[in-house]
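Reading through the structure tokens given below for one structure.
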Amino acid sequence: MEKTHSIAEKNVLQEIPRYIINKCSKVGHWAKVCRTKMVAEVVKENSDDDDENDEFLEISSQNNAQWKQNLKLDGQVVQFKLDTGADETCIPLHAYESMKTKLSALKKSKKKLRSCDGKKLDIYGIFVATIEADKKITVQDVYVIKGLHQALLGGPVVRALNLLQKAKFVETVKTCRDEA
49 MEKTHSIAEK NVLQEIPRYI INKCSKVGHW AKVCRTKMVA EVVKENSDDD DENDEFLEIS
109 SQNNAQWKQN LKLDGQVVQF KLDTGADETC IPLHAYESMK TKLSALKKSK KKLRSCDGKK
169 LDIYGIFVAT IEADKKITVQ DVYVIKGLHQ ALLGGPVVRA LNLLQKAKFV ETVKTCRDEA
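Position 156 (the sequence shown) corresponds to 204 in our numbering; numbering is contiguous.
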């Protein structure tokens, strides 16, 4: 015996495949045969470094020239970027190559340096240099780094030459709460 469907039933059956199943949000199949696994429980772990109170600080400056200073490195003028967060003073290999006859001889470095993002820096060597700014002089180790683009004046030298007032120019400070 063949089962017959009324026209209304046929229309309903034709419409059913277009429904979206709540279990998986897919169109055209039944929840009973859906293989999507449901999450039984979500557990929030309590930790001291909870993300809901994280703040992000954005500091922007429109004038990057405030962070650069021409200094004398063993009598040669070099433009340094003031980097108060750096522990060491570094110059690019190409800068050393162009002045090496006027600078102290390189020694092999026993130190390992890393950039602010954690990458190991390729140290070509180290030399001791006299660094001069506005009639103030300091003698410091200077690292020669392969792949460095800009000479960086480290925090100890910035403080020794009293250049902090040059590096304090900040135009905008924004504090944002993470809304995640």
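Built from N, CA and C at the ideal position, the CB exists for glycine as well.
Bear in mind that the values here come from a model prediction, so they are computed numbers and not experimental data.
Residue closest to residue i, alpha-carbon to alpha-carbon, out of the options
i	options	result
K183	D170, A208, P204, V192	A208
G173	I179, C164, S157	S157
Y144	E136, I179, L212, F175	F175
T132	H142, L121, L141, W115	W115
H142	L200, K194, V206	K194
K148	N210, A177, E136, A181	A177
Supposed close pair residue i, residue j - CB separation, criterion 8 Å
i	j	result
L130	V192	Contact doesn't hold; Cβ gap of about 19 Å is too wide.
N118	Q127	5 Å
L151	D122	5 Å
Residue i, buried or exposed, once every other Cβ within 10 Å from all chains shown has been counted against 16
i	result
C138	buried
G202	buried
I171	buried
L212	exposed
V187	exposed
As assigned by DSSP and simplified to three states, the class of residue i
i	result
A208	helix
L151	coil
G203	helix
E145	helix
Alpha-carbon spacing of residue i relative to residue j, whole angstroms
i	j	result
A199	A134	12 Å
S163	V205	18 Å
D165	P140	18 Å
K167	H197	15 Å
I185	L169	27 Å
N210	E180	11 Å
Residue i Cβ short of 7 Å to the ligand FAD heavy atom set
i	result
K184	In terms of ligand content, the structure shown is empty, and the ligand FAD therefore cannot be addressed.
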